[in-house]
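Undergrad: Residue numbers (the working numbering): 1 to 532.
Virtual Cβ for every residue (Gly too), placed ideally from N, Cα, C.
It should be emphasised that the depicted structure is a prediction, and the values quoted were computed from it without experimental measurement.
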Amino acid sequence: MQPSFSVTDPLWLIIAFGLGFGARAIGLPPMVGYLVAGFALAGFGMQSGPLLEGLANLGITLMLFTIGLKISLKTLRSPEILGVATTHMAITFAVATLFVMGLGVVGLALFDGISWQTAALVGFALSFSSTVFAVKVLDEKGEIASRHGRIAIGILVIQDIIAVVFMAASEGVMPSVFALGLFALVFARKPLDKLANKAGHGELLLLFGFGMAITGYALFSAVGLKGDLGALIFGLLLASSSKADELNKALGVFKDVFLIGFFLSIGQYGLPDVTVAVTAIVLLIFMVAKTSLWMVLFSRFHLRARVSFLSTLTLANYSEFALIVAAVAFEAGWIEAEWLVALAVLVALSFCVSAPLSSNANALFAKWRPKLQQLESPRFLKEDQPIPLGDARVLIFGMGRVGSAAFLNVANDDPETVIGFDIDNTVVDKHYDLGRHVLRGDANNPELWAKLKGFKTHIGLIVLATPHQQSNLSAIALLRSEGYRKKIATIAFYPDDEMELYAAGADSVYNVYQEAGDGIAQEIGGILRPAA
Numbered sequence: 001m002q003p004s005f006s007v008t009d010p011l012w013l014i015i016a017f018g019l020g021f022g023a024r025a026i027g028l029p030p031m032v033g034y035l036v037a038g039f040a041l042a043g044f045g046m047q048s049g050p051l052l053e054g055l056a057n058l059g060i061t062l063m064l065f066t067i068g069l070k071i072s073l074k075t076l077r078s079p080e081i082l083g084v085a086t087t088h089m090a091i092t093f094a095v096a097t098l099f100v101m102g103l104g105v106v107g108l109a110l111f112d113g114i115s116w117q118t119a120a121l122v123g124f125a126l127s128f129s130s131t132v133f134a135v136k137v138l139d140e141k142g143e144i145a146s147r148h149g150r151i152a153i154g155i156l157v158i159q160d161i162i163a164v165v166f167m168a169a170s171e172g173v174m175p176s177v178f179a180l181g182l183f184a185l186v187f188a189r190k191p192l193d194k195l196a197n198k199a200g201h202g203e204l205l206l207l208f209g210f211g212m213a214i215t216g217y218a219l220f221s222a223v224g225l226k227g228d229l230g231a232l233i234f235g236l237l238l239a240s241s242s243k244a245d246e247l248n249k250a251l252g253v254f255k256d257v258f259l260i261g262f263f264l265s266i267g268q269y270g271l272p273d274v275t276v277a278v279t280a281i282v283l284l285i286f287m288v289a290k291t292s293l294w295m296v297l298f299s300r301f302h303l304r305a306r307v308s309f310l311s312t313l314t315l316a317n318y319s320e321f322a323l324i325v326a327a328v329a330f331e332a333g334w335i336e337a338e339w340l341v342a343l344a345v346l347v348a349l350s351f352c353v354s355a356p357l358s359s360n361a362n363a364l365f366a367k368w369r370p371k372l373q374q375l376e377s378p379r380f381l382k383e384d385q386p387i388p389l390g391d392a393r394v395l396i397f398g399m400g401r402v403g404s405a406a407f408l409n410v411a412n413d414d415p416e417t418v419i420g421f422d423i424d425n426t427v428v429d430k431h432y433d434l435g436r437h438v439l440r441g442d443a444n445n446p447e448l449w450a451k452l453k454g455f456k457t458h459i460g461l462i463v464l465a466t467p468h469q470q471s472n473l474s475a476i477a478l479l480r481s482e483g484y485r486k487k488i489a490t491i492a493f494y495p496d497d498e499m500e501l502y503a504a505g506a507d508s509v510y511n512v513y514q515e516a517g518d519g520i521a522q523e524i525g526g527i528l529r530p531a532a
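Written as structure tokens, this is what we have:
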């Protein structure tokens, strides 16, 4: 059987690689290169084949499934997620609609003569942020499980649910009566968990993950609901499984590759003329107001400045859902074809603006920290209260294999002398259940260090055991800038990473594949021995 590849598919992939590589070379995320590749190839009249379309669809399905694996339904009900999501959408929808109608009165570009119904559709489309973009950026920085990552993803899940309701209403087709049977899926959680554990590791677990994501999509589609929602729900069913983290990691590489198809496909809507370009640029300017509203609302809901800022930058974009709204409206005869191109260009431009901001979020926060902290509410949430150090002499960040081994090396002798931190609540809860002093915290968060009163004098060693090179580099720079002059030990995967970490200010660097566990253990022993 011959594969159903288009003759242009290899060209798409080669050019995507070239421009993605070029984008990274100048300090931009590769996705910016993929977006440029899509528009460039469309400009030459090239259309994507079945391979690219299949990659894009499967990438989004896997993405939503893996989001589900990391979500806690309890978290979605929190005011800083549910309250901010609904308030922001309502305000943005109203203001954006009035903004578009005002431009219609002026007679600018595609806004000339626009009806209030079309203005409302555009305003609704502009109120969404991109799930695909957020997950991609958070994944690259290893921040999916961080506090701001969970808040951003939770808000996007709520937006996705609203999108499903809109799609069902716009198509004028009610879900099948059999959709009620989907509530029985709650009873499938334990059997699916057992099946996941019996799948073991390797390709069988990978096949199980693909099967669950696609089954969820197909099942929901069969009863008249959005298939993507099904993939998300099936991920949620497995979120409490002991295999959830392993599944997420196993599917992650495939998801990232497949999503390249999505970014390339945005350019398929065509190249803009002057009128379309002006329309997109004007709507891009509105993103400043939309982004500012995120920051204000997060602060009013009592989040600290850094979490508010990082969550804001993650959501500072327009959504691929705008393209879906435009397509539905065009098919119904509510808007002209030019709006499809305008919104495609707008979404692409928003990604290009948001990508470098998100990539440099920690540096930007450090620069603007005093001004951003002025927006903080005088009342903070419980988890933002000061953290007592007690008799701790060692702090360990990243409670994975290496971090846990280092923690136990100290705790077995004197559990009071060490505190562990991890950004993932699941990891923290696992250690808490074992009676270990492990808290949720991010070494890159200056607000955490502000809560750790006296750490510069009481703590003799800080271990950075997170598996992300850039995160460890940023944490070292932050600690030194905060005035911490004692020892910092960290891990590296490659020899060139070791040199970079030493240059940044690390005192000791241990290779994960060679000496990490023993080396850090000796380092800790050297710190604690004088106190004995």
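Starting from the C-beta of Val428, find all residues in its chain whose C-beta is less than 6 Å away, skip the five residues before and the five after it, and write them out in chain order.
TA: Same-chain partners within the cutoff: Asp422, Val438, Arg440.
Undergrad: Hey, Gly209 and Leu247 are a contact pair by Cβ (cut 8 Å); roughly how many whole angstroms apart?
TA: Between Leu247 and Gly209 the Cβ distance is about 5 Å, and since that is below 8 Å, they are a contact.
Undergrad: Are the CB atoms of Ala475 and Leu461 nearer to each other than 8 Å?
TA: Going by C-beta atoms, Ala475 is not nearer than 8 Å to Leu461.
Undergrad: How would you label Asn317, buried or exposed, when you count the other beta carbons within 10 angstroms and need 16 or more for buried?
TA: Looking at its Cβ environment, which holds 16 or more other Cβ atoms inside 10 Å, Asn317 is buried.
Undergrad: Relative to the C-alpha of Val257, which candidate in Gly22, Ala503, Pro30, Tyr510 has its C-alpha closest?
TA: Residue Pro30 is the option with its Cα nearest to Val257.
Undergrad: Return no unless some Cβ of chain B is closer than 8 Å to the Cβ of Val253.
TA: Considering every chain present, this structure includes no chain B. It has just one protein chain.
Undergrad: Over the uninterrupted beta strand (DSSP E) stretch that includes Asn511, give me the two end residues.
TA: Note, Asn511: beta strand (DSSP E), 508-511.
Undergrad: Check this for me: beta carbons of Leu313 and Ala361, under 8 Å apart or not?
TA: Contact: yes.
Undergrad: Terminal residues of the continuous alpha helix (DSSP H) containing Val122?
TA: Counting along the chain, the alpha helix (DSSP H) containing Val122 begins and ends at 116-126.
Undergrad: Can you list, in chain order, the stretches of the beta strand (DSSP E) that have 3 or more residues and sit fully within the segment 392-471?
TA: Listed in chain order, the complete beta strand (DSSP E) runs (minimum 3 residues) inside the segment 392-471 are 394-397, 418-422, 438-440, 461-464.
Undergrad: Whole alpha helix (DSSP H) runs in the segment 78-165 with 4 or more residues, listed along the chain?
TA: Whole alpha helix (DSSP H) segments, 4+ residues: 84-106, 116-126, 131-141.
Undergrad: Do Gly123 and Val100 have their beta-carbon atoms positioned less than 8 Å apart in this structure?
TA: Taking 8 Å as the Cβ cut-off, Val100 and Gly123 qualify as a contacting pair.
Undergrad: Here's the rule I'm using: 16 or more other beta-carbon atoms within 10 Å means buried, otherwise exposed. How should Pro446 be labelled?
TA: Buried, by the Cβ-count rule.
Undergrad: Just curious, the alpha helix (DSSP H) that Ala361 is in, first and last residue?
TA: Its alpha helix (DSSP H) spans residues 361-373.
Undergrad: Return the first residue and the last residue of the beta strand (DSSP E) that Ala492 is part of.
TA: Start and end: 487-492.
Undergrad: Specify, as a first and last residue, the run of the alpha helix (DSSP H) that Phe321 falls within.
TA: Counting along the chain, the alpha helix (DSSP H) containing Phe321 begins and ends at 321-331.
Undergrad: Could you give the DSSP three-state label for Ser242: helix, strand or coil?
TA: Ser242: coil per DSSP, three-state reduction.
Undergrad: Is Gly267 closer than 8 Å to Leu35 when the C-beta atoms are compared?
TA: A contact, by the Cβ cut-off of 8 Å.
Undergrad: Grab me the residues of Ser242's own chain with a C-beta within less than 7 Å of its C-beta, minus the 5 sequence neighbours each way, in chain order.
TA: Closer than 7 Å at Cβ, skipping near neighbours: Asn197.
Undergrad: Going by C-alpha distance, which of Asp391, Val347, Val509 is nearest Leu452?
TA: Here the closest residue by C-alpha is Asp391.
Undergrad: What separation, rounded to the nearest whole angstrom, lies between the Cα atoms of Ala280 and Ile214?
TA: One C-alpha to the other measures close to 35 Å.
Undergrad: Let me check understanding here. Comparing Cα to Cα, which of Ile396, Gln469, Ile81 lies closest to Phe455?
TA: Comparing Cα positions, the closest option is Ile396.
Undergrad: Does the separation of the CB atoms of Ala239 and Ile71 fall below 8 Å?
TA: A contact, by the Cβ cut-off of 8 Å.
Undergrad: Look at the alpha carbon of Phe111 and the alpha carbon of Gly45, and state the distance between them as a whole number of angstroms.
TA: Going by the C-alpha atoms only, they are around 27 Å apart.
Undergrad: I need the straight-line Cα distance from Leu98 to Ser265, nearest angstrom please.
TA: Straight-line Cα distance between these residues: approximately 31 Å.
Undergrad: Is the Cβ-Cβ distance between Ala504 and Leu473 less than 8 Å?
TA: Contact: yes.
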